[in-house]
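Everything on this sheet refers to the single structure shown next.
4 protein chains.
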Amino acid sequence: MAVGTETGADANAETITASVVGGSGFTGGELLRLLAGHPNVEISEVTSRSKAGKSVGSVHPPLRGSDLRFTEPDDLESVDVLFAATPHGVSMGRIDEFFEVADTVVDLSADFRLETEAQYDEWYDGHEAPEYLETAEYALPEINRENLAGADLIAGGGCNATATILGLYPLFEHGILEGSAERVVVDVKVGSSEGGAGGGEASSHPERSGVVRPYAPTGHRHEAEIEQFLGTSVAFTCHAVDMIRGASATSHVFPASPVSKGDLWQAYRGCYEDEPFVRMAAGGSGVYRYPEPKAVAGTNLGEVGFELDPSNERIVVFSAIDNMMKGSAGQAVHAANVALGLEETAGLEFTGLHPVGAP
Amino acid sequence: MAVGTETGADANAETITASVVGGSGFTGGELLRLLAGHPNVEISEVTSRSKAGKSVGSVHPPLRGSDLRFTEPDDLESVDVLFAATPHGVSMGRIDEFFEVADTVVDLSADFRLETEAQYDEWYDGHEAPEYLETAEYALPEINRENLAGADLIAGGGCNATATILGLYPLFEHGILEGSAERVVVDVKVGSSEGGAGGGEASSHPERSGVVRPYAPTGHRHEAEIEQFLGTSVAFTCHAVDMIRGASATSHVFPASPVSKGDLWQAYRGCYEDEPFVRMAAGGSGVYRYPEPKAVAGTNLGEVGFELDPSNERIVVFSAIDNMMKGSAGQAVHAANVALGLEETAGLEFTGLHPVGAP
Amino acid sequence: MAVGTETGADANAETITASVVGGSGFTGGELLRLLAGHPNVEISEVTSRSKAGKSVGSVHPPLRGSDLRFTEPDDLESVDVLFAATPHGVSMGRIDEFFEVADTVVDLSADFRLETEAQYDEWYDGHEAPEYLETAEYALPEINRENLAGADLIAGGGCNATATILGLYPLFEHGILEGSAERVVVDVKVGSSEGGAGGGEASSHPERSGVVRPYAPTGHRHEAEIEQFLGTSVAFTCHAVDMIRGASATSHVFPASPVSKGDLWQAYRGCYEDEPFVRMAAGGSGVYRYPEPKAVAGTNLGEVGFELDPSNERIVVFSAIDNMMKGSAGQAVHAANVALGLEETAGLEFTGLHPVGAP
Amino acid sequence: MAVGTETGADANAETITASVVGGSGFTGGELLRLLAGHPNVEISEVTSRSKAGKSVGSVHPPLRGSDLRFTEPDDLESVDVLFAATPHGVSMGRIDEFFEVADTVVDLSADFRLETEAQYDEWYDGHEAPEYLETAEYALPEINRENLAGADLIAGGGCNATATILGLYPLFEHGILEGSAERVVVDVKVGSSEGGAGGGEASSHPERSGVVRPYAPTGHRHEAEIEQFLGTSVAFTCHAVDMIRGASATSHVFPASPVSKGDLWQAYRGCYEDEPFVRMAAGGSGVYRYPEPKAVAGTNLGEVGFELDPSNERIVVFSAIDNMMKGSAGQAVHAANVALGLEETAGLEFTGLHPVGAP
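Residue numbers (full-length UniProt numbering), protein chains in the order written: chain A, 1 to 359; chain B, 1 to 359; chain C, 1 to 359; chain D, 1 to 359.
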């Protein structure tokens, strides 16, 4: 018999029932993996139209120790929390139905990330359930913890946006940057799992290996989320690189007033010192001196760091996450823990591998 | 503050103190990672001559949440169990010293794997402490559990040998193969972490990426361990391939008497049905149909499977492990759990990632 | 203006007109690349139903210096030689049509590799044009040069078969192995381009990176070609590994009579000493001591080597090719050069890159 | 016998004798590969202190068809052109000696890239032969062709600088950017061969695979060369990514005056339309829509492209090269062709591979 879930259940805590709608893709699989190892969660149901009837383990090897099977995404079971890992545009059409079976809904698509219908229309197509936009809460506890407590509808952020926001938030929070007066250039590099399991020509191994491939020179939709939380638009460009898990954002900012390294440390520590899932990495010794995806792969950690370049009066900010974890499923479970009043780090304690990059 | 260890400690269980000698390499780092998350273990000391004084986290990112520092490998502290992750030839010279400070010693080198001095001399150079060879126990619980219980000196097996033995053991145990009368050809593919952190010209990224590089066409030292446990020599060839973690063995065997698929399932289930760290993967649907390192990366699992080829009266056996885990540190911790009477799967519950291969 | 074709045309040589049917996939692209740089060839037409109208360079970057465009595969132009890079089963249905427009046809599929209809039916489905099987010539000049001279219909071999045959042929040719009495085990590792441009779930970058994935434990169709040329069946197993270009075959053979290294060198030199596209690599110094795909990537070379293992009376033979070149398009152009009486190495002189593995 | 050099020698052209000092590293090997296939060049000597006596082919597989051997770097032979592929700081100490044996010297290190001793001291340590700085010519013909004709001492540019300069040069040449008044942010991603063959801990395969690793957040020495040719300093940050060959620069610029796409096309075509080694890639269809290293790997091409982002009044410029070719050895041979009055593209016609990334 294969290895089962991570033990450590606190026998006295309540057990939350959860379901995953759209469980056969990478994001769904990551949610299942985390929920299966969560001490307070019991997975009720996993749906997938394409794989209905198949064992979850036949698609997601980490779940081979369970006997979960995919079911059709109709007649959803009643649960405490429902996680939707469906493509953009699906949740907004089923949100009423979700709330009929669940008290809390965590959606990992872009459907409920933005605050107003006007914003949504500017970046996406028409919204089918705009009345939910106002109450939906963005899933990043580091910037939205208060609102997440007790929230009903939670929207997981985009991975590129998450990496960017984590890196820049302290600069805005502490007034080092004040808004659109200063330039903010963000250059993002992201892994192949971000494109999902379906793939396509450009995602095939022969075409996707060894790339530095620009794919969104301008106008990337994640700019909307970034703008929403930082209060300014950024110059944002994305590249696909050869890694499976990871989103790395290098931000080049030019503050209007001079700033010292002390100011920067104060801002970053002020925001993140007590955060369980943010770790500073700025200089130091060894191979992993600055934030990089390899150092956090498989974990719910975001690594953040910076360098000050006097000659240009430039601050270079680095931030790195695992796009599947803090950029997606890990963020969703973290937010759910906050919303449901559970231990915030429950089910998310994995510290990563070294060396990593596997097999 | 970064993520700490996996909680879930059973407050009533004893706490075992442990040390790691030679903690700065990959194997040492993997041991530290596992021990830091082990509910019954407290790490007393981590030594490294080359990195003495540096924080363990500066070398091993998963340990960045701890404040462990490397110390000089002299004046070792007294502990319940000492793990030696030093190069071949070092432990044998320090084994008396190790037993002065520890009740149990787990050595991950080849120094104590073989049973007799004659065997050792045949494959390696002269042994410095041959008196320990007889009582040392090979660390693979699936084939040596009884002897490991209460053992003082444990020798972790080689990763290629481990993968091979796991795949073939049931065939010998159930009489499907009887010995040297039948040919056994083993073709192994292994990842780059097997070469350690030091590297060298052939291990540099430009030279090691994308390879299928034979490096031990014949006469590989792991043959000694395989011969010791299976009772026959095998035709064994190793190749370096492009992965970081993983050891995969494809064994081609030609039994003297006909065998059916039912016979094979009986043999494999007979040996492994109740083993927490062996999982069968033989056919089925999806992407991961046969054993492969990617399905077990980061876990202590070994995947085993087979196909029967009537035309050649050949059985093809596949086995895959993570060379850092079941091929090394995971095996060591598993064996220590058995020897010390702890929960056998303690600290080893991680089920892996999907997709994996990171970042 | 970008770089054009490789100059060096001999102004006095004839110019052969060529077309490529099915030019949008990897094999078609490789043929186009080689033909564009061939001093004696002028490309008349490139067809592709899916990309008709698009520039060839928009699909195949090496052709960005040309103004070739894909056309519909109907109304084929008359040419001296037509190369078919279509999927298995297509050429056999169009072969009469091909011979209406071309004097020489080189087919890269499996349709005409086998000699008899009975053989074809054993391994594939029904053949639509069995009358062509007898006159079709297998494209590997190293074993079939005499028959290729002046041949009308040429069948490019499978890449795994090519690597295997190259490695073992001298042993049979020189009587070191005599036939099915002796065991021949062949363990193959192949790159992702072998799966073509279309890909699929298992070929996506997240799922295909870092693998050692058995995909044809037994019953691989290339066994038919191997059996045809070596006169014996082999125990053959294939694995997908993480490389884009490459096919590597490790053959384990157990000759009935003892053999010495001198015997082996004599056999291999006897067969390959004067072959422009086979290079021996057996031991020596440096990083590239034995045959490996990385040493021949992008070239039309096959590297072959061996080791003798007295303990098992085993010969381990290694052979490595670039599956896109000597395993496919390079082999086709080489065969066409022979058939058409051109300089045998024309258009195939590229010596490879170091380091390779790109970008 | 294996494949030899690319034929196509023009029997009437002069033959230039060339030597390579420091021929055992990656850059040296790349030079040898190009020179071996150059129709007008005969390699006289290849030196390497570490590999003296060994065959060049044992280190560089592409040279396995030749019988060149490394010799000690003393008593250099007289040649027409000497290529120095030695580490930074070596050529400056031997430059007089080089000019005693060669009429033309092409140095691939940083020793002679800058124009004045003051500049050199600002970015590097003290210069041993500053009197040569003024006459040395930067090797990039696209920006320095006139000065290269007949030059005696040529300095190959740094790969990151080359990629950056190629991308931005037209904007300055055509007055779209005028100088330091406008921000220029350059975010570079580079492959592992850039670190050379020696490697080190961070370059080992387990540590270097799958990275997005900042390694020069600020103060990168290549800024000096960029500043020298563009007339302005740039905000420059480098990252190591998982590829072997390649340097990709994404430049974010904010011109003082509005600019249209037409203005940009005019500038880029104006500079590059007739350049044999620069190719535009800006939008279009297929997988390779923008410049990327994978599209030019193994070639001497630089790909350049751009997008205009009205919202930020930002121009995003992409440029990609193979760091070993246009960023190093290819650039050197191209410059030597110009200096020596040879056909400019001689020996540099390779159009690349698709798919690429090998093996």
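From the three backbone atoms N, C-alpha and C, an ideal C-beta is built for every residue, glycine too.
Being a predicted model, the structure only gives us computed values, none of them experimental.
{"Item": "Any chain C beta carbon closer than 7 Å to residue 20/B", "Value": "no"}
{"Item": "Test item: CB-CB of residue 31/C and residue 20/C under 7 Å", "Value": "yes"}
{"Item": "The segment 229-247 of chain D: positions lying closer than 7 Å to chain B by Cβ", "Value": "244"}
{"Item": "Any chain A beta carbon closer than 7 Å to residue 29/C", "Value": "no"}
{"Item": "Between the CA atoms of residue 324/D and residue 44/D - distance to the nearest angstrom", "Value": "22 Å"}
{"Item": "Alpha helix (DSSP H) segments (min. 4 residues) lying fully within the segment 10-67 of chain A", "Value": "26-36"}
{"Item": "Members of the segment 168-200 of chain A near chain B, C-beta cut-off 9 Å", "Value": "191, 192, 193, 197"}
{"Item": "Interface positions of the segment 295-316 of chain A facing chain B (Cβ-Cβ less than 9 Å), listed along the chain", "Value": "295, 296, 297, 298, 299, 300, 301, 303"}
{"Item": "Residue 311/D in three-state terms, based on DSSP", "Value": "helix"}
{"Item": "Contacting positions in the UniProt region \"Disordered\" (46-67) of chain D - beta carbon closer than 7 Å to chain C", "Value": "54, 58, 59, 60, 61, 62, 64, 65"}
{"Item": "Assigned secondary structure, residue 94/D (DSSP; H/G/I helix, E/B strand, else coil)", "Value": "helix"}
{"Item": "Proximal residues, the segment 274-289 of chain C versus chain B, C-beta separation under 7 Å", "Value": "287"}
{"Item": "At least three beta-carbon pairs within less than 8 Å, the segment 334-352 of chain C to the segment 284-301 of chain C", "Value": "yes"}
{"Item": "Against chain D: residues of the segment 202-227 of chain B by CB proximity under 8 Å", "Value": "203, 204, 205, 206, 207, 208, 209, 210, 211, 212"}
{"Item": "Sub-7 Å separation of residue 346/C and residue 337/C beta-carbons", "Value": "yes"}
{"Item": "Completely contained alpha helix (DSSP H) runs for the segment 222-272 of chain D, where each covers 4 or more residues", "Value": "222-230, 261-272"}
{"Item": "Candidates 257/B, 141/B, 306/B, of which the one nearest residue 284/B by Cα", "Value": "306/B"}
{"Item": "Closer than 7 Å to chain C by CB, residue 353/D", "Value": "yes"}
{"Item": "Euclidean distance between Cα positions of residue 38/B and residue 66/B", "Value": "14 Å"}
{"Item": "Beta-carbon contacts of residue 247/C that lie in its chain and below 6 Å, excluding the five residues immediately before and after", "Value": "159, 160, 163, 190, 321, 323, 327"}
{"Item": "Coil, strand or helix - residue 349/A by DSSP", "Value": "coil"}
{"Item": "Euclidean distance between Cα positions of residue 17/B and residue 42/B", "Value": "5 Å"}
{"Item": "Residue-level contact to chain A via CB, residue 88/D, 7 Å cutoff", "Value": "no"}
{"Item": "Beta-carbon gap between residue 64/D and residue 57/D smaller than 7 Å", "Value": "yes"}
{"Item": "Alpha-carbon to alpha-carbon, residue 27/D and residue 310/B", "Value": "52 Å"}
{"Item": "Beta-carbon neighbours of residue 292/D, restricted to chain A and to distances below 8 Å", "Value": "211, 212, 213, 214"}
{"Item": "Contact set for residue 268/B: own chain, Cβ-Cβ below 7 Å, skip 5 residues either direction", "Value": "170, 280, 304"}
{"Item": "Between the CA atoms of residue 166/A and residue 216/D - distance to the nearest angstrom", "Value": "21 Å"}
{"Item": "CA-to-CA distance, residue 51/D to residue 129/D, given in whole angstroms", "Value": "28 Å"}
{"Item": "Through-space distance from residue 40/D to residue 342/D, alpha-carbon basis", "Value": "8 Å"}
{"Item": "Proximity test, Cβ basis, 7 Å: residue 83/C and chain B", "Value": "no"}
{"Item": "Separation of residue 104/D from residue 232/D, as counted between CA atoms", "Value": "31 Å"}
{"Item": "Neighbouring residues, chain C, relative to residue 429/A (Cβ below 9 Å)", "Value": "Nothing in the structure corresponds to residue 429/A, since chain A is present only between 1 and 359."}
{"Item": "CB contact check: residue 252/C to chain B, cutoff 7 Å", "Value": "yes"}
{"Item": "Alpha-carbon spacing of residue 149/B relative to residue 340/B, whole angstroms", "Value": "7 Å"}
{"Item": "Test item: CB-CB of residue 319/B and residue 291/B under 7 Å", "Value": "yes"}
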